[in-house]
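Notes for the one structure printed next.
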Amino acid sequence: MKRRVERRYISQLITGCGKAWCTNEVCKTAKSKVEQSASTLTTKDALPMVKPLMDVLGDHSAPVYFCVDETSQRRRKVAELLAAEKVYDLEWCIAACEAENGNLDGARQWLENWAPKRS
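Counting in my numbering, the sequence shown tops out at residue 121, every number present.
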């Protein structure tokens, strides 16, 4: 499993996902939109970038950086927006956005009904 994750990261860095909406910081496609002079990476260049990500793979609180579909990415952005209000933890905001299909008002209502507020 660990090798598959490593290959996925390397593939994202070297070839990218090709999705116009991608904002993944560990993807060539997203980086090329931000950096006009994004250089082409080789596997040799990508491995040192992937190693720190692999070192924390067993830590379930550490984020993973896979490219996802546009809907999932949009929900994540809405969840981060809600979490920035510092009323609910990010995990609860993500659950609310999944339950309410990314609808901001619906997610806020879901959070009020089901999620514990930050202490």
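In this text, a Cβ means the ideal position worked out from N, Cα and C, and glycines have one as well.
Neighbourhood of residue i by C-beta, 7 Å cutoff - its chain only, sequence neighbours within 5 removed
i: Arg77; result: Cys99, Glu100, Gly104
Minimum Cβ-Cβ distance from residue i to chain B less than 8 Å
i: Met3; result: You won't find chain B in this structure, because it holds only one protein chain.
CA-to-CA distance, residue j to residue i, given in whole angstroms
i: Ser69; j: Lys33; result: For the sequence presented, residue 69 should be read as Cys rather than Ser. Using only the alpha carbons, I get a separation of about 12 Å.
i: Ile12; j: Ser41; result: 15 Å
Cβ neighbours of residue i in the same chain (closer than 6 Å, five flanking residues each side left out)
i: Leu43; result: Leu15, Ile16
i: Ala81; result: Cys95, Ile96, Cys99
Where the alpha helix (DSSP H) through residue i begins and ends
i: Asp57; result: 45 to 57
i: Arg76; result: 72 to 86
i: Glu8; result: 4 to 16
CB contact flag (residue i, residue j, <8 Å)
i: Trp116; j: Gln75; result: no
i: Glu87; j: Val52; result: no
i: Cys95; j: Leu84; result: yes
i: Val28; j: Tyr67; result: yes
Same chain only: Cβ atoms within 8 Å of residue i, ignoring 5 sequence neighbours per side
i: Ser121; result: none
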